[in-house]
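Engineer:
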Amino acid sequence: MAGRLPWLIPKRNTNKETLTKVEAGTSSPSGEMYLLEGSKATAATLKSISGFIPVPMVSDILDLAIRVVEACESATFIEENVEKLRQRVCSLGILIVDKVPSDKTLNQDFQTNIKSLQTILTNIIKDLDEIKRQRRWRLVIFPELNKGRVDACLDRLDEALMYFNVSQQLRMEEVLEKILSKYTQVGDDVLKVQKQLDRIEAAIKPHSSPYSVGKQDIPPSPKLFYGRDSDVASIVNLLSDKHTSRVCITGPGGMGKTRLALAVIHNPTVQQVFGEYRFWVPCIKAASPDLLRRTLYTQLSITAQSYDSLDSLIDELKLTEDRRLVLLDNFETSWYSREAPDDQAQINDILSRLADLPHVALMATMTSSFPPDSPIQWKQHKLPALDVSAARQVFVGIYPEAASAKSTEVDELMNAVGHIPLAITLMAANGKQSQISAKGLVEEWKTAGTEMIDGMDRRIKISLDLVQAKDDKSEVLKLLATLSMLPNGTTMQNLYFWASDLTSHSRVVSLLLNAALIEQETQASGSSHVSLRPTIQAYMRQHKLISPEVQKRVRDACYKFVLDHNSIPDDLCFKSDLMQLASEENNIQYLLMQDDDSAENMRAEALVAFSFYLFKTKQSIVVAQLALTVATASRKNFCVAEAHVALGKMFKVISRYEEACQHFKEAHRIFKNLPSGADLARAGECGMQLVDVYQHMQKPFWGEMRTVVLQASEDLSCNKSNQYNVARALLGVGSFFWYSADWGQARETLTRAKEVFEKLCRWDSAAESFFMLARTEAESSNYPVALDMSLRALSLAEQSGDAYLICQTLNTTVRYMIALHVFDDVEPMLHRLLSQAQAMGQILGIAQALELLGFVHASRRDVHKACQFYAESQTQYGNVGSIEVREQDQTRCASNLQKLSTGHVDLAELKSPMLY
1 MAGRLPWLIP KRNTNKETLT KVEAGTSSPS GEMYLLEGSK ATAATLKSIS GFIPVPMVSD
61 ILDLAIRVVE ACESATFIEE NVEKLRQRVC SLGILIVDKV PSDKTLNQDF QTNIKSLQTI
121 LTNIIKDLDE IKRQRRWRLV IFPELNKGRV DACLDRLDEA LMYFNVSQQL RMEEVLEKIL
181 SKYTQVGDDV LKVQKQLDRI EAAIKPHSSP YSVGKQDIPP SPKLFYGRDS DVASIVNLLS
241 DKHTSRVCIT GPGGMGKTRL ALAVIHNPTV QQVFGEYRFW VPCIKAASPD LLRRTLYTQL
301 SITAQSYDSL DSLIDELKLT EDRRLVLLDN FETSWYSREA PDDQAQINDI LSRLADLPHV
361 ALMATMTSSF PPDSPIQWKQ HKLPALDVSA ARQVFVGIYP EAASAKSTEV DELMNAVGHI
421 PLAITLMAAN GKQSQISAKG LVEEWKTAGT EMIDGMDRRI KISLDLVQAK DDKSEVLKLL
481 ATLSMLPNGT TMQNLYFWAS DLTSHSRVVS LLLNAALIEQ ETQASGSSHV SLRPTIQAYM
541 RQHKLISPEV QKRVRDACYK FVLDHNSIPD DLCFKSDLMQ LASEENNIQY LLMQDDDSAE
601 NMRAEALVAF SFYLFKTKQS IVVAQLALTV ATASRKNFCV AEAHVALGKM FKVISRYEEA
661 CQHFKEAHRI FKNLPSGADL ARAGECGMQL VDVYQHMQKP FWGEMRTVVL QASEDLSCNK
721 SNQYNVARAL LGVGSFFWYS ADWGQARETL TRAKEVFEKL CRWDSAAESF FMLARTEAES
781 SNYPVALDMS LRALSLAEQS GDAYLICQTL NTTVRYMIAL HVFDDVEPML HRLLSQAQAM
841 GQILGIAQAL ELLGFVHASR RDVHKACQFY AESQTQYGNV GSIEVREQDQ TRCASNLQKL
901 STGHVDLAEL KSPMLY
């Protein structure tokens, strides 16, 4: 009978004390609690329904069923057997109510069967009472002594059920529907019947226990997708209504929750309601609050000065009331990850802030029995196993050769794996690869143990055992443990680095792929990417299968990887190093954020180097501040000074100039006072950075700036044989001459620096020289020459891969094109500038790009778009850290907006942004 009514099979017993807590609202009920309550609720509900059936024999038999359920509840020490017994009795109660004829007339065979059943139930109650009267210690220590008696009860019930011609494919919904239709003639009482049947259905439904660079597109709708149409329709209806648009799809691993969510997000009705505002947020790699925020910003295409806060994302979502749908896929990775004590509280805050926006619909998939325990009123959608027909379709769709097999063999296999989509997929893939028949697969599963259908944990263990049996070098666990520490997975090429101690990476990967314990996909670049399912990661952590040796090796590899790719923009390898770090960015950040007392010095150096990488790509004050903290604890003065430089550069990019000055000054002081002797070159670079910040602040620090730049130049040029450092000093002095409006001296000094850099093939510094020379020519209104030099600077900056310098040169290039009225190519370059500045989190660059777009559209008499861009620019300028810059630029945008609002566009009257 266990295979006939699976929706009534409990997983495990619980006790009354726990249930009392649940009823009192002091804890969340588990799936097992629901199932126990389901049996009690079923029996009690059947008794109330029996009031509508004036047939004494039926009422008596239902009373006996209730007594058996109560007796089973008190005998939970014989877990599996008693569970089956209680399930059969509940099944039987529903079947009897179903079998009573509408006219309440019982034929002779039915009466005979009822009498036999009365005797069977009465004897079962006696047996259970005798078991309960035994001493408790005997029941606990020697449960096998009584299992035979319970087995006999089961056999007798099986025989009784056969009397009622029970179909092996019986579905709960069909039975309940039949019962309801049978009693539609009882007048007003039909509502009571419906209510009682609803209670049964709600009570006995099954409850199961349980970061990449760039935006990822929503995966396509699944191709092999059977038996889920009603699930899709239900969720679509919930999401379409703002009042019910918080849906969490839950269930054990392998049930197809993601596939269902993707089918929903591609549904025509959902497309009509949400349009282009449908976002897939893969949380499978977001194993911390910081990674989740980063993933949200990326997938929702929203940029800010950093990922350290959700404020910018929420503010952006508040700008419009257009409906939006956010799918938090595999959310259990974020929710159950607790690398720090307050991680779940932070995740909860992210959820709550998103849910506070009524026009934002949330859909989450979780390998769990319940949605997140948060204030959000989730509409839970529990995903059950597939029905027989859908399960067969999935199996044959993957393994078409099995279509010729006997349907009973395929059905037997489907029953063996519990109709779980993932398990079916595994069996079909194994069968297709090894050409084993469905019957042969069933036999293999029987020898391996069919208990894997009871939970993903057992499934993983069996799969892992099977793989290890084929692993003569015992390397499977090493690779699984390694991948467990890499939330983003990795490429096959980099896997050789992370798991350097394996003798044959391809062999181990092949073993794990065959067992579906890892996933492999081909990226757009053509490289092969391998990753671990979150359930496998959780299994590895839970069972403490990540050895200290593997943890140390992976962390040491992380530090080495960062330091091996730590170059400066003038290095020829800089661009390729950026790409390598980008490919492992989330893995690196995840590992670096974890404490490591065994290698704090290496971790400090790696954190500082990674901070410089983030400055060149995307700002993260949190990482840079941690780098400074860890470096300070390591007491390595040079590393501390470099951490101050990295933090100062980040503050400069996000226009927090006062803080940038403090860190450059402190770094300068430390470099000058190193115990091993002053590092004058690095101190000189800090001085030049400080002068650059002063220029951005637009404050007349003439005396201090002149003193600093002269001292920095002297420090950089202390070794005259080092042509590169001498040229860097010339570049800094030339930039100061430009700021001092000494155009002649600026042109001469910058030209000398440029020539040295070109000779040394230091293309990034050469680009800086051309950039400053272009600005010098623009100050003299020599825009044709300025444009040529700016284009040359842009070309060299792109060659080096310096994103920050690319933003700067794009900015000046479009200004010179505007000054020369060369508008044809301006807008595409402005959109590229805007995108680059957004990727960098460069607030000032974003505001300037928007203002220039406003000016270009005003020149075309497109007042509406011009006003939009000026308004957005004004808002962005408000986020600039410097009060002087903020007020000056906001005032200019406000003035232009006021003039444009009159509808009369005269470019001569618009205040132009500075054209140097």
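So for the sequence shown, full-length UniProt numbering puts the first residue at 1; every next one is plus one. We put the beta carbon where it would ideally sit given N, CA and C, even for glycine. Note that the structure is predicted; figures quoted are calculated from it, not measured.
Under the DSSP definition of a beta bridge, which residues are partnered with Gln551?
Structural biologist: Looking at the DSSP output, Gln551 sits in no beta bridge, so it has no partner there.
Engineer: Let me know the secondary structure DSSP gives Thr632 once reduced to three states.
Structural biologist: helix
Engineer: Just how far apart, CA to CA, sit Lys205 and His419?
Structural biologist: Here the model assigns Lys205 a pLDDT of 42, short of 50, so the residue's position is not dependable and the matter cannot be decided.
Engineer: With distances taken Cα to Cα, identify the nearest neighbour of Asp322 among Arg278, Cys558, Gly93.
Structural biologist: Arg278
Engineer: Which class does Leu139 belong to by DSSP, given the choice of helix, strand or coil?
Structural biologist: For Leu139, the pLDDT reaches just 48, beneath the cut-off of 50, and the residue's location in the model is therefore unreliable, leaving the point undetermined.
Engineer: Can you check DSSP and say which residues form a bridge with Ser437?
Structural biologist: Note: Ser437 sits in no beta bridge, so no partner.
Engineer: Would you kindly check if the distance between the Cβ of Arg555 and the Cβ of Leu532 is under 7 Å?
Structural biologist: no
Engineer: Measure the alpha-carbon distance for Lys223 versus Val394 and round it to whole angstroms.
Structural biologist: 10 Å
Engineer: Give me the residue from Asn896, His565, Ile846 with the minimum Cα distance to Ala866.
Structural biologist: Asn896
Engineer: Using the C-alpha atoms, what's the distance from Asp311 back to Ala803?
Structural biologist: 25 Å
Engineer: Buried or exposed, going by whether 16 or more other CB atoms sit within 10 Å of the CB of Pro548?
Structural biologist: exposed
Engineer: Measure the alpha-carbon distance for Leu750 versus Ser655 and round it to whole angstroms.
Structural biologist: 26 Å
Engineer: Smallest Cα separation from Pro219: which of Ser240, Gly227, Leu260?
Structural biologist: For Pro219, the closest alpha carbon among the candidates Ser240, Gly227, Leu260 is that of Leu260.
Engineer: Taking the beta strand (DSSP E) that Met363 belongs to, which residues open and close that run?
Structural biologist: 360-367
Engineer: Mind checking Asn430: buried by the 16 CB within 10 Å criterion, or exposed?
Structural biologist: buried
Engineer: For Leu760, which of Glu779, Tyr724, Arg775 has the nearest alpha-carbon?
Structural biologist: Tyr724
Engineer: Using alpha carbons as the reference points, say which of Ser59, Gln838, Leu95 lies closest to Lys618.
Structural biologist: Gln838
Engineer: How far does the alpha helix (DSSP H) with Leu730 in it reach, from first residue to last?
Structural biologist: 723-739
Engineer: Taking the runs of the beta strand (DSSP E) that are 3 residues or longer, which of them lie wholly in the UniProt domain "Novel STAND NTPase 1" (223-370)?
Structural biologist: 246-251, 278-282, 324-329, 360-367
Engineer: Considering only C-alpha positions, which residue in the set Met363, Phe736, Ser721 is nearest to Ala712?
Structural biologist: The shortest C-alpha separation from Ala712 is found at Phe736.
Engineer: Going by alpha carbons, who is nearest to His668 out of Val326, Ile843, Asp679?
Structural biologist: Asp679
Engineer: Could you give the DSSP three-state label for Glu758: helix, strand or coil?
Structural biologist: helix
Engineer: With the cut-off set at 7 Å, would you say Leu614 and Leu628 are in Cβ contact?
Structural biologist: It is not a contact, given that the beta carbons lie outside the stated cut-off.
Engineer: Which residue wins for smallest C-alpha separation from Thr258, given the options Asn330, Glu600, Leu794?
Structural biologist: Asn330
Engineer: Where do the ends of the alpha helix (DSSP H) carrying Ser781 lie?
Structural biologist: Neither: Ser781 is in no alpha helix (DSSP H) and is coded neither H nor E.
Engineer: When the Cα of Phe561 is compared with those of Ile131, Ala786, Thr269, Ala609, which residue comes out closest?
Structural biologist: Ala609
Engineer: Cβ of Phe574 within 7 Å of Cβ of Ser306?
Structural biologist: no
Engineer: Quick one: what does DSSP say Val814 is sitting in, helix, strand or coil?
Structural biologist: helix
Engineer: Inspect the beta-carbon positions of Ile265 and Leu327 and report whether they are closer than 7 Å.
Structural biologist: Yes, the pair counts as a contact, with Cβ atoms nearer than the cut-off.
Engineer: Quick check on Leu844: does DSSP put it in helix, strand or coil?
Structural biologist: helix
Engineer: Put Glu521 into one of helix, strand or coil per three-state DSSP.
Structural biologist: For Glu521, the secondary structure class from DSSP, reduced to helix, strand or coil, is strand.
Engineer: For the alpha helix (DSSP H) that contains Ser583, what are its first and last residues?
Structural biologist: 574-583
Engineer: Per DSSP, Val509 forms a beta bridge with which residues?
Structural biologist: Partner(s): none; Val509 has no beta bridge.
Engineer: Mapping DSSP to helix, strand and coil, what is Lys379?
Structural biologist: strand
Engineer: Closer than 6 Å by C-beta to Val726: which residues in its own chain qualify, once you throw out the five before and the five after it? Chain order, please.
Structural biologist: Ser717
Engineer: Between Ser634 and Glu600, how many whole angstroms is the CB-CB distance? I'm expecting something under 8 Å.
Structural biologist: 5 Å
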